[in-house]
Amino acid sequence: MGFARLIPRIIGSLVSLLESGADREPDIIEQIFTSWSYVMMYLKKYLERNPSEVLNDGLCSKYEDILSASLGCLTVLNPSLMGLSLLKGIVNRKLPLAEIYDIVTGVAELMVTSQMESIRKKCSKILLQFLLDYRLSEKRLQQHLDFLLSNLRYEHSTGRESVLEMIHAIIVKFPRSVLDEQSQTFFIHLVACLANDNDNIVRSMSGAAIKKLIGSVSPNALDSILNMLFLGIWVTSSNYGVLPHRVGKKLEERIAVLGLLIEVIKKGFLKHIDCVLPVTRRILQSALHAVTNRQQGFESESTVPLWKEAYYSLVMLEKTIHQFDDLCFAKDLEDIWEAICEMLLHPHSWLRNRSVRLIGLYFEHVTDVNRENHQSSFSSYFMTSPSRLYLIATSLCCQLKMPLIDDADSNLMTQNIVFSICGVHSLMGQTASIDPAAFWSKLEQHEKDRFLKAFVLINAKKGYSYLHLLPPPYVKAIVNLMLRAPNIHLSCCCSRKLAKLPFKQMLFRLALDLIAYMFFSLD
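In terms of full-length UniProt numbering, the numbers along the sequence shown are unbroken and rise by one, the last being 523.
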């Protein structure tokens, strides 16, 4: 307790140093602060009383002076973890210092601009505690929130990450009434960040913040967000039969967030499907129209028109099908599946790979339904007619020549090709009784056109030319054998021994050429 009698003298010395101009020397300020922090720790640990109760009236004002001066210098002139720790302690104790409001503004800037992660994280904790515990006018609170939202475009990704961490914490900890009031503003800025930022971590964090926001607001606020979202999508897309190459960022942003919306509201998204599917169809068809019959290629994938809108539409569709299995076979989706098949040859790799995933999902659902219903035929499904399966297989074989994103994409593509080719052989054997002429005669014209389109893709005449060199009985025997038992011959393509891409391509090409040979040799 004897140390308590020395506190006024210590404080007086510290104040004298400040008054003598030490507040312009960061190193001295650091030492003043260190001494002051020991005083604070002593008062808190041993006396368990408010410091103002220990100090006499004359020193109470000096107590606040040294506190304010030290904080101002340490957070602005020479920011340090020690200085920020003192500030954090003050904020945690809710000390009513007038200077704290201006100091926290500087702390918010430091949270964004500092190159030291430890400084950014300490500032983030201080700012959040301040926003939660201190009485703030509506105007001042709005200033802090506007500062955060404006810095979602800060030049360095580390600063944007700090802002997104703070926004996520605000969504979690703020009262729902305040969150509802700010929800639309937050939503708009976060969606823009998700769609436009080039940093993967920032995009991921903005997506997580959007999901948390959607799941945290009241039902009325959520309805307002959804109405704004769907109205914007409908207005932007309905003005065009075929979307122009540049429909603006807003449609892209709104489509991007639909996938996140499905993850949060899950089955609740069902009532919005009728609004979303027509827009999805228009976007995919417009994206295909933009690249069809183009004489010249694109300088880079980023210059391909409407690829982002189409990509986010495919992502949204995949998540929708995961939530609603029956939707996979809905009549309303047939035009969309048709577009997805054409996307297998789109010039943008993201669209090609996402289309492969969706077709794999369709085949998986077909297999599951057949297993549950003890069926063996695929003929009743839109995507599993022989002509469509053959076109899918040829498109995927063409895609094998293009760069792949990773091994998982290659494996999924292999599975889809095997499924398609085996399906063609199986259906042809059932329908035509191993008689190609009978099979061809039963096809409608649009199915024949689809086969012919596939033959053009693989240059089937070339394949026919080398098969034609083989003795006809030998080729016929191979064809008949594959029609009778396609799984025996094609399932081997999935084995690890045949994992090398060129060899798989050769097997797939042989299977496709054999089918083409049957039709070219009908005469």
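In this text, a Cβ means the ideal position worked out from N, Cα and C, and glycines have one as well.
In its own chain, which residues sit with a C-beta less than 8 Å from the C-beta of residue i, not counting the 5 before and 5 after it?
i	result
V202	S157, R160, E161, L164, C193
residue 527	Absent from the structure is residue 527, since the part of the chain shown begins at 1 and ends at 523.
L327	I273, T320, I321, L333
residue 529	The displayed coordinates of the chain run from 1 to 523. Any statement about residue 529 would go beyond what the structure contains.
V172	K212, S216
M325	Looking at the sequence itself, residue 325 is Asp, so the reference to Met does not match. Contacts found: H365.
Using the C-alpha atoms, what's the distance from residue j back to residue i?
i	j	result
F382	E309	25 Å
S426	Q399	24 Å
residue 532	L110	The displayed coordinates of the chain run from 1 to 523. Any statement about residue 532 would go beyond what the structure contains.
F451	E299	32 Å
I10	F174	41 Å
S313	L284	8 Å
V114	V178	Rather than Val, the amino acid found at residue 114 in this sequence is Ser. Cα to Cα, the separation comes out at about 29 Å.
K453	I214	45 Å
M176	D133	Rather than Met, the amino acid found at residue 176 in this sequence is Arg. Rounded to whole angstroms, R176 to D133 spans 16 Å at the Cα level.
D146	V217	19 Å
Q445	Q296	31 Å
S349	L412	15 Å
L457	E338	17 Å
V424	S387	8 Å
N227	A208	21 Å
R282	F230	15 Å
F363	A330	14 Å
K271	L141	36 Å
I225	K267	18 Å
F90	P219	In the sequence on display, residue 90 carries Ile and not Phe. Each residue's alpha carbon lies about 37 Å from the other.
S204	N198	11 Å
residue 524	Q31	Beyond the ends of the chain as shown, which are 1 and 523, falls residue 524; an answer cannot be given.
L277	L351	18 Å
G12	H189	50 Å
V369	I255	30 Å
S206	N200	10 Å
D449	Y311	28 Å
R294	L391	21 Å
L131	A408	46 Å
Looking only at its chain, what residues have a beta carbon closer than 6 Å to the beta carbon of residue i, apart from the 5 residues adjacent to it on each side?
i	result
V191	E253, V257
S355	I340, M343, L344
Y154	V112, R160
M316	L258, G259
F269	I262
C123	V107, L110, M111
R120	M111, S114, S162
I think residue i touches residue j, with their Cβ atoms under 8 Å apart; what is that distance to the nearest whole Å?
i	j	result
L87	I103	7 Å
L358	E301	Going by Cβ atoms, the distance from L358 to E301 rounds to 19 Å, so no, they are not a contact pair.
E263	K211	6 Å
residue 539	I336	Because residue 539 is not part of the residues shown, which for the chain are 1 to 523, the question remains open.
L14	S35	6 Å
residue 525	I167	Outside the shown range of the chain (1 to 523) lies residue 525, about which nothing can therefore be said.
Got a sec: does the ligand GTP put a non-hydrogen atom nearer than 6 Å to the Cβ of residue i?
i	result
T303	Here there are no bound small molecules, and the ligand GTP is not part of this structure.
Within 10 angstroms of the Cβ of residue i, are there 16 or more other Cβ atoms? Answer buried if so, exposed if not.
i	result
Y101	exposed
N353	buried
H374	exposed
A287	buried
R93	exposed
R371	exposed
T414	buried
L84	buried
L222	buried
M402	exposed
L389	buried
N151	buried
S118	exposed
L97	exposed
Q182	buried
Counting only the same chain and skipping the five closest in sequence on each side, list residues whose C-beta sits under 7 Å from that of residue i.
i	result
F419	F363
A169	L128
K461	Annotation note: pLDDT 48 at K461 (below 50); position unreliable, no value reported.
K125	K88
L361	E318, I321
Q184	S224, I225, M228
Exercise for review: Enumerate, from N- to C-terminal direction, the unbroken alpha helix (DSSP H) stretches of 4 or more residues contained entirely within the segment 331-383.
Suggested key: 334-343, 349-373
Practice item. Return the chain-ordered ranges of every alpha helix (DSSP H) run that is complete within the segment 383-428 and spans a minimum of 4 residues. Key: 386-399
**Study point:** Secondary structure, alpha helix (DSSP H): runs of 4+ residues fully inside the segment 130-158
**Key:** 138-150
Exercise for review: Pick out the complete alpha helix (DSSP H) segments inside the segment 247-309, 4 residues or longer, and give them in chain order.
Suggested key: 249-265, 273-291
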